[in-house]
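Engineer: 1 is the number of the first residue of the sequence shown in the UniProt record's numbering; add one for each residue after it.
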Amino acid sequence: MSEPDAIIQHLRDILDKEQGLESLLEPSLLKARKWAEEELNPELLAALEWPTDIGQYEDYLKRYLRWVPHESNRDAWKNEQRQAHEVSDRMGHFYFLVNQKVDGEAPQDSDALREWMTEFARRWGDFLDTPESFSPQTLQSFIDHAPEYRIEESLVDGVPDAPSGLADCQPVHRARNQRRATADR
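1) Given this structure, state the Cα-to-Cα distance separating R123 from L65, to the nearest angstrom.
2) Evaluate contact between the stretch 70 to 79 and the stretch 109 to 117, counting only Cβ atoms and requiring at least three cross-stretch pairs below 8 Å.
3) Can you tell me whether DSSP reads V98 as helix, strand or coil?
4) Give the range of the alpha helix (DSSP H) segment to which K17 is assigned.
5) With distances taken Cα to Cα, identify the nearest neighbour of L11 among G55, P131, S141 and R74.
6) Does the stretch 40 to 58 come close enough to the stretch 118 to 134 to have 3 or more Cβ pairs within less than 8 Å?
7) Give the DSSP bridge partners of residue 191, in chain order.
8) In chain order, what residues of the same chain have a beta carbon less than 6 Å from the beta carbon of I143, not counting five sequence neighbours either side?
9) What did DSSP end up calling L48 once you bin it into helix, strand or coil?
This is the structure in C-alpha cells:
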C-alpha cells in the first residue's frame, strides 16, 4: 500500500471506529466552504481546494501530502502587510477544514483525529525530505516572492546548504565539500 493510501486508510479506520466523527466531518467541510464563499476574497477561494464530502476530502489529502511548498505572485497571496502567504495559508487551510463546529463540536476536537492529523503532518514532512519536494524553481519561488523567509541567509555558495531534495544542486554540494575537505588537510 502506498504511503498516501496508507494514511488515508488510517483516516477511514478512525472514521469507522470513532462514534459520530464521520457525521461531523462532512458538515465541517460544508461549513468551511460556505464560510469561504461568503468571506474570502475570490482569488483565495479559487486558489484553495474546498472538498465537501469525505471522498473529495480524501482526494484533497492525497494531493496535499505531495504538495511542494512554494510561494507565488498570484493575486490570492498578495498583501500589503507581507508577501509570503501561500505556504501558511495552505497549512492553515488543512486545519480549518476540520475545525468547523457542528452542534458545538468540531471534528478536530476528537483526540483520534488530532493524532491522525499529527501523523499526516509527519508523513508530509517525510515527503519534504525527498528529492521530489524541492527544485531550483522551488527555491527561486521563495527568493522572488517571500523575502521575509530570508532564504539567502541559508545559502552557501549560492545554493541551499545540502537540502535533502535539491538533487539538481548535488554536484555543487559535492564540489564545495571536496574544496572544504582539501582545505582542511
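Even glycine gets a Cβ: it sits at the ideal position worked out from N, Cα and C.
Structural biologist: Walking through what the data contain:
1) Sequence index remark: in the sequence shown, residue 123 carries index 123 (1-based). Sequence index remark: in the sequence shown, residue 65 carries index 65 (1-based). When rounded, the distance between both Cα atoms is 7 Å.
2) no
3) Along the sequence shown, one-based indexing puts residue 98 at 98. Reduced to three states, the DSSP call for V98 is coil.
4) The count along the sequence shown starts at 1 and reaches residue 17 at position 17. Start and end: E3 to K17.
5) Residue numbering aside, residue 11 sits at position 11 when the sequence shown is read from its first letter. Considering only alpha carbons, the answer is G55.
6) no
7) The first residue shown for the chain is 1 and the last is 185, placing residue 191 beyond what the model contains.
8) Numbered from 1 along the sequence shown, position 143 holds the residue referred to as residue 143. Answer for I143: I151, listed in chain order.
9) Numbered from 1 along the sequence shown, position 48 holds the residue referred to as residue 48. Coil.
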